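Undergrad: Here's a structure for you.
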Ligand code: G2I
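In the numbering used here, the protein residues as written are 1001 to 1457.
This is the structure:
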C-alpha cells in the first residue's frame, strides 16, 4: 500500500515538534524556559499551542510582509503559516510550463527564518486556475494537473509540512456529490491521482484533503468527504490528513457537533487540521469552543486562522479575526489564548532536555568528496545542521536521521527521501557547497544526523 510506505511517526513529529517552540518563544521574550505543564501561562498563541503539542498558525499575504505592524504580530504569535494566495495554481503557473515561485519562496524563507511550519495551499482546485488551465479538458487537463502537482511539490520538497493536495472538491447541499468542475470531468479518480503524484514528488510531506462546510457531522457534504477518506484509507491511497476550513462566517455557524466531526475523521486514521478559521464578529464562545474541540481530539494537530487583523481578512467587514485593524488583541484573542493555556499538556516526551553539544558525526570514507558536519542553532524542539562538501563541485550526500527525529526543512540543495523518510539524499543544486537542514527532535534530543556517504558527480 502506498500509505504504508510513509515515514513513520509523522504525527509524533509534529506533536513533539511544537511542544517546545513554546519554550523557544519564551526564551526569546522572557529569557526563561517554561516547562510544559508548569504553572506559568504562555503569553502567545503559538507558544501556548506548542505546549499542547499543536501549532497555531495564520494565513499570510506575502505583500503584507513589508508591513512591520503585521510582521511583528506574525512573528510574535504564530508558529505556522499558510500562503493565502501565493501557492495557488494561477500564482505558481500563470502560463503553462512557466512557474513563478518568487512570492511563495519569500514566504517559505520568512517561515524558515522564524522556525514556523508551512502548509502548502493548494495543489489542485477548481478555482483560481490560470486561464490556460480553465480552457482545458479531458486527458490534456488531467496531465496538466498532475504535472502541476509534481512540479510544485518537487520545487518545495523539504519545505512543506502539509500540502492541501486537493481543495473543495465536493458540492454543497444535500447531494453528497462531487462538485462539478473541469477537473471532476476528467474522471472521478482525479483526486486520488493528485494524491499519488504528490506523494511521489514529496514523500516527506503530509497530504491533506481540505474543504469548507464539512464541520457539521450531520451534513451530507461532511459525510461524503468522510466516505471518500474511508475509501482512500481502505485502498491505500496516500492521504494523511483532512483540513476543515471552518469559515464560520456568513452562511455557516460553529456546529455543536464539531468535536464529533473532528474525532470521526481522526478515527479513520488521518490527522485533522482546522485550516482557515474565521468567525463572523469573532464571538468569544465560538472561538473558545473551536480550541477546546481541537484540544480534545489527539489527532487535531493545530489551528490556522485565515488572516491576522480584521483588515487583512477576505471578509474584513465581518471583523472575524483575533486582532483588530490596529493590531490590538480582541476579546476573541484572549478567549483563544486562555483556552489554549487551560488545555491538557500532552503526556509523552521530554523535549526540553538540553541536547548534547559538539559534533557527533565523523565523516565516513566517501566516493570522491568529503562531507563535514557543522552543528547549527539548537532550539528546544529542533536544531539546524550545516554540511559542507569538499573535493567535488557537484555531489550527492546521504544523511540518515534517527526516528522519531525528522527533517522539517532543508536549504541550498535538492533533497530526495527514502520511503521511511529518515534517509535523505541531498544533491548539489548550484547554490554552493554547503547545504543545511532543520531536524525536529520529536522527543529524542540526543540523536544527531549521520553522514552515510558523499559521492562526487
Ligand atoms: O475564500 C476564502 C478561502 C476559502 N478556502 C480556500 C481559500 O484559498 C480561500 O481564500 C481566499 C483568499 O482569502 C482571498 O484573498 O481565496 C480567494 C480566491 O482565491 C482570495 O481572493 C483573491 C481574489 O479573488 C483576487 O481577485 C485577488 O487578486 O485574492 C486575490 C489577492 O488579493
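By construction, the Cβ of each residue, glycine as well, lies at the ideal position given by its N, Cα and C atoms. Quick caveat, the model's predicted, so the values are computed rather than measured.
What did DSSP end up calling residue 1276 once you bin it into helix, strand or coil?
TA: Note: residue 1276 maps to strand in three-state DSSP.
Undergrad: Kindly indicate which three-state DSSP category residue 1142 falls into: helix, strand or coil?
TA: It is helical.
Undergrad: Please name the residue in 1228, 1393, 1068 whose C-alpha comes closest to that of residue 1176.
TA: Selected option, being the one with the closest Cα: 1228.
Undergrad: Using the beta-carbon count (16 or more within 10 Å), is residue 1188 buried or exposed?
TA: It counts as exposed.
Undergrad: Over what stretch of residues does the beta strand (DSSP E) that includes residue 1450 continue unbroken?
TA: Where residue 1450 is concerned, the enclosing beta strand (DSSP E) stretches over 1450 to 1456.
Undergrad: Below 8 Å on the Cβ atoms is my contact criterion, and I expect residue 1242 with residue 1225 to pass it. Report the Cβ-Cβ distance as a whole number of Å.
TA: Contact holds; Cβ gap of about 7 Å.
Undergrad: Look at residue 1239 and residue 1073 and say whether their C-beta atoms are less than 9 Å apart.
TA: No, they are not a contact pair.
Undergrad: Kindly indicate which residue of 1143, 1267, 1396, 1444 has the alpha-carbon position closest to the one of residue 1433.
TA: Nearest of 1143, 1267, 1396, 1444 to residue 1433, Cα basis: 1396.
Undergrad: Following the continuous alpha helix (DSSP H) through residue 1494, name the residue where it begins and the one where it ends.
TA: For residue 1494 there is no data in the structure shown, the boundaries of the chain being 1001 and 1457.
Undergrad: Bridge partners for residue 1098 per DSSP, in chain order?
TA: Its beta-bridge partners are 1095.
Undergrad: Taking Cβ to Cβ, would you say residue 1108 is nearer than 9 Å to residue 1080?
TA: In this structure, residue 1080 does not lie closer than 9 Å to residue 1108 by Cβ.
Undergrad: Return yes when at least one heavy atom of ligand 1 lies under 8 Å from the C-beta of residue 1314, else no.
TA: Yes, ligand 1 has a heavy atom inside 8 Å of this Cβ.
Undergrad: Straight-line CA distance for residue 1182 to residue 1171?
TA: Using only the alpha carbons, I get a separation of about 14 Å.
Undergrad: Taking 8 Å as the cut-off, is the CB of residue 1102 close to at least one heavy atom of ligand 1?
TA: No - ligand 1 has no heavy atom lying nearer than 8 Å to the Cβ of residue 1102.
Undergrad: Using the Cα positions of residue 1075 and residue 1185, report the straight-line distance between them to the nearest angstrom.
TA: Whole-angstrom Cα-Cα distance: 42 Å.
Undergrad: Can you tell me whether residue 1128 sits near ligand 1, meaning its C-beta is under 8 Å from at least one heavy atom of the ligand?
TA: For ligand 1, at least one heavy atom lies less than 8 Å from the Cβ of residue 1128.
Undergrad: Starting from residue 1408, trace the beta strand (DSSP E) in both directions and tell me its first and last residue.
TA: Its beta strand (DSSP E) spans residues 1406 to 1411.
Undergrad: Return the CA-CA distance between residue 1419 and residue 1203, expressed in angstroms with no decimal places.
TA: Straight-line Cα distance between these residues: approximately 7 Å.
Undergrad: Could you say which of 1405, 1272, 1261, 1047 lies nearest to residue 1299 if we only look at CA atoms?
TA: When each option's Cα is compared against that of residue 1299, the closest is 1272.
Undergrad: For ligand 1, I want to know if residue 1273 counts as a neighbour, meaning its beta carbon is within less than 8 Å of at least one of the ligand's heavy atoms.
TA: Checking the Cβ of residue 1273 against ligand 1 gives no.
Undergrad: By alpha-carbon positions, which one of 1124, 1112, 1139, 1212 ends up nearest to residue 1195?
TA: Nearest of 1124, 1112, 1139, 1212 to residue 1195, Cα basis: 1124.
Undergrad: Give the secondary structure of residue 1438 by DSSP, where H, G and I count as helix, E and B as strand, and everything else as coil.
TA: In the structure shown, residue 1438 sits in a strand (DSSP, three-state: E or B).
Undergrad: Please name the residue or residues paired with residue 1164 in a DSSP beta bridge.
TA: Answer by DSSP bridge pairing, in chain order: 1121, 1208.
Undergrad: What does a CB cutoff of less than 7 Å around residue 1297 pick up in its chain, not counting 5 residues either side in sequence?
TA: So the list reads 1259, 1262, 1263, 1266, 1272, once near-sequence residues are dropped.
Undergrad: Taking only three categories from DSSP, how would you classify residue 1351?
TA: Model confidence at residue 1351 stands at a pLDDT of 40, short of 50, so the residue's coordinates are unreliable; what they give is reported in the following sentence. Residue 1351: coil per DSSP, three-state reduction.
Undergrad: Quickly, what does DSSP pair residue 1300 with across the bridge? List them, please.
TA: Paired residue(s): 1272.
Undergrad: Classify residue 1120 as buried or exposed, calling it buried when 16 or more other Cβ atoms lie within 10 Å of its own Cβ.
TA: With 16 or more other Cβ atoms within 10 Å, it is buried.
Undergrad: Which residues share a DSSP beta bridge with residue 1247?
TA: 1278.
Undergrad: Please determine if the stretch 1160 to 1169 and the stretch 1121 to 1141 are in contact, where contact requires at least 3 C-beta pairs separated by less than 8 Å.
TA: Cβ pair count under 8 Å is three or more, so yes.
Undergrad: How should residue 1385 be labelled, buried or exposed, when 16 other C-beta atoms within 10 angstroms of its C-beta is the threshold for buried?
TA: Classification of residue 1385: buried, given that the 10 Å Cβ count is 16 or more.
Undergrad: Restricting to Cα atoms, I'd like to know which of 1180, 1288, 1174, 1407 is closest to residue 1330.
TA: Considering only alpha carbons, the answer is 1288.
Undergrad: Heavy atom of ligand 1 less than 8 Å from the Cβ of residue 1329, yes or no?
TA: No - ligand 1 has no heavy atom lying nearer than 8 Å to the Cβ of residue 1329.
Undergrad: Please report the residue range of the alpha helix (DSSP H) in which residue 1230 lies.
TA: Counting along the chain, the alpha helix (DSSP H) containing residue 1230 begins and ends at 1220 to 1235.
Undergrad: Give me, in chain order, the residues of the same chain whose beta-carbon lies closer than 6 Å to that of residue 1201; leave out the 5 immediate sequence neighbours on both sides.
TA: For residue 1201, where only same-chain residues beyond five positions count, the Cβ hits under 6 Å are 1150, 1153, 1154.
Undergrad: Beta carbon of residue 1395: closer than 8 Å to some heavy atom of ligand 1?
TA: The answer is no for residue 1395.
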